[in-house]
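2 protein chains.
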Amino acid sequence: MTGCLIGVGVGPGDPDLLTVRADRIVRSASFVAYPAPDTGQSFARQIVDGLIPTGVREYPIVVPMRTDRFPAQEIYSAAARDLSAALESGTDVVVLCEGDPFFYGSFMYLFARLAERFPTEIVPGVSSLGAVAAAARQPLCARSDVLTIVPATLPEEDLRQRLAETDAAAIMKLGRHFPKVRRILDDLGLSDRAQYVAHASLPQQAVHALQGAPATAPYFSMVIVPGVDAFV
Amino acid sequence: MTGCLIGVGVGPGDPDLLTVRADRIVRSASFVAYPAPDTGQSFARQIVDGLIPTGVREYPIVVPMRTDRFPAQEIYSAAARDLSAALESGTDVVVLCEGDPFFYGSFMYLFARLAERFPTEIVPGVSSLGAVAAAARQPLCARSDVLTIVPATLPEEDLRQRLAETDAAAIMKLGRHFPKVRRILDDLGLSDRAQYVAHASLPQQAVHALQGAPATAPYFSMVIVPGVDAFV
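For the record, the sequence lines run as chains A and B.
So in this note's numbering, spot 127 of the first sequence is number 127, and the numbers just go up one at a time.
So in this note's numbering, spot 224 of the second sequence is number 1224, and the numbers just go up one at a time.
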């Protein structure tokens, strides 16, 4: 019997926002893997810090934090080889995923390498989208709104066109692209409807109408532009 | 002291996919409200059937199930009046919301009417998006993909254009619009990447590659078209 690969969404940050299933799986895990930056702590690991049992085996998948470069696939290939060994020995491997495993997550790279060889379970999680809307106290979209989710990393003209054509938007991965996003939303007359949220659901959560937002944004921040009918 | 209005996302269907916070709030509720169709059961209420304490006061907000007509705002105004009375008497009112409260939900109509008068809490939930991707065992989007969420109710040409221009898509509220959606995806050459999921996370969950999907789709079903880099 091989072990099971379990991709677990751990939600946006507050451990209270793990699902009941995720909470149970993490508390009973014997082997956990998670993405980690080359310096500093793993966000996914931090979220479940109070839940992980003592004596658990931990496997950080160290991915250099370069915001605009795609981390080398070799990292995931090496991680998949290491996790294969644990799975082959019959150990279940719990992979902690920020938010939801299949929503812009790096879990897909392990999934693509391992899902055909091992039993695999995916536990969906609360994405940052819902947490940001809740933090902003602002419904995202209503009725037949089109909601477009765009990474702020897109080229300016592309981003401008996407935002001009949609009813509602969520703009992710702001970081150093924040000034560009603000410029575009100003140009399009959307700034007065836009909300900025950083670190949604965490104690350091910050919420601002976009026009009153600070000049710089961390990576874990988002701007939402609610649909006209959803705007309160 | 007035009561607190609490909008609780109860996730896509499996009660195991409530968040830890939602589970706790529902189990200790004394007053719950939820949307309900004019015939049949409330889906949000069904999800938490095993969690609701005995003796809880229940308030179904009956909204006629007309798929293409927006339910009259008078229904929500009347519900808000009734819930105000409970809130004014100091009772917390838990409103059960399918998926996430601020993601295409009707909770916004109560929120818009009550949030300025009463303390309000929003508990984000797992949306159908993550549950559908998990069910299909298919990552939705990667890296700098643009993800467009479109209701199938849009006019055909509008829907076609949205789907032609995006990297990844989720098409919701299929119902009787399913043939139109299939036609468009066929025309755009996207059908071979598309997955169809009905009743994600529930025992009756159905998952098909779009080309092998049944001819008719229920309201609680979705088609996802993953981004090219996410497609496994």
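We put the CB at the ideal spot given by N, CA and C, even for glycine.
{"Asked": "Could you tell me the alpha carbon to alpha carbon distance between T1067 (chain B) and A164 (chain A), rounded to whole angstroms?", "Found": "Any reading at T1067 (chain B) needs caution, since the residue's pLDDT is 46, under 50, leaving its predicted position unreliable; the model's value is listed next. If you take the alpha carbons of T1067 (chain B) and A164 (chain A), they lie about 28 Å apart."}
{"Asked": "Using the DSSP secondary-structure output, state which residues sit across from M234 (chain A) in a beta bridge.", "Found": "As shown, chain A starts at 1 and ends at 232. That puts residue 234 (chain A) outside it, with no answer to give."}
{"Asked": "Using a Cβ cut-off of 8 Å, which residues of the segment 1089-1106 of chain B contact any Cβ in chain A, in chain order?", "Found": "D1100, P1101, F1102, F1103, Y1104 and G1105"}
{"Asked": "Do you know offhand how far P64 (chain A)'s Cα is from I47 (chain A)'s?", "Found": "20 Å"}
{"Asked": "Quick one, which of A:G3, A:A168, A:S201 and A:R24 has its alpha-carbon nearest V132 (chain A)'s?", "Found": "A:S201"}
{"Asked": "Count Cβ pairs between the segment 1093-1107 of chain B and the segment 96-108 of chain A that sit closer than 8 Å; are there 3 or more?", "Found": "no"}
{"Asked": "Between S28 (chain A) and chain B, is the shortest Cβ-Cβ distance under 8 Å, so that the two count as touching?", "Found": "no"}
{"Asked": "Does any residue of chain A have a CB that is nearer than 8 Å to the CB of C1004 (chain B)?", "Found": "no"}
{"Asked": "Could you check whether A198 (chain A) and V223 (chain A) sit closer than 8 Å to each other, using their CB atoms as the reference points?", "Found": "no"}
{"Asked": "Would you give the residue range spanned by the alpha helix (DSSP H) that A1133 (chain B) belongs to?", "Found": "S1128 to A1136"}
{"Asked": "Sorted by chain position, which residues of the same chain lie with C-beta nearer than 6 Å to Q205 (chain A)'s C-beta, five sequence neighbours on each side aside?", "Found": "A135 and H199"}
{"Asked": "Just list the alpha helix (DSSP H) runs in the segment 1055-1107 of chain B, keeping only unbroken ones of 4 residues or longer that don't cross its boundaries, in chain order.", "Found": "1073-1088"}
{"Asked": "Between the segment 150-181 of chain A and chain B, which residues of the former have a C-beta closer than 7 Å to a C-beta of the latter?", "Found": "V150, P151, T153, L154 and R162"}
{"Asked": "For R182 (chain A) and P139 (chain A), I'd like the C-alpha separation in whole angstroms.", "Found": "21 Å"}
{"Asked": "Suppose you measure from the CA of F1102 (chain B) to the CA of A1022 (chain B); what does that come to, to the nearest Å?", "Found": "15 Å"}
{"Asked": "Return the chain-ordered list of same chain residues with a C-beta closer than 8 Å to the C-beta of L1154 (chain B), the five sequence neighbours on each side being excluded.", "Found": "R1162"}
{"Asked": "Take the Cβ of T148 (chain A) as the centre, count every other Cβ of all protein chains shown within 10 Å, and call the residue buried at 16 or more, exposed below.", "Found": "buried"}
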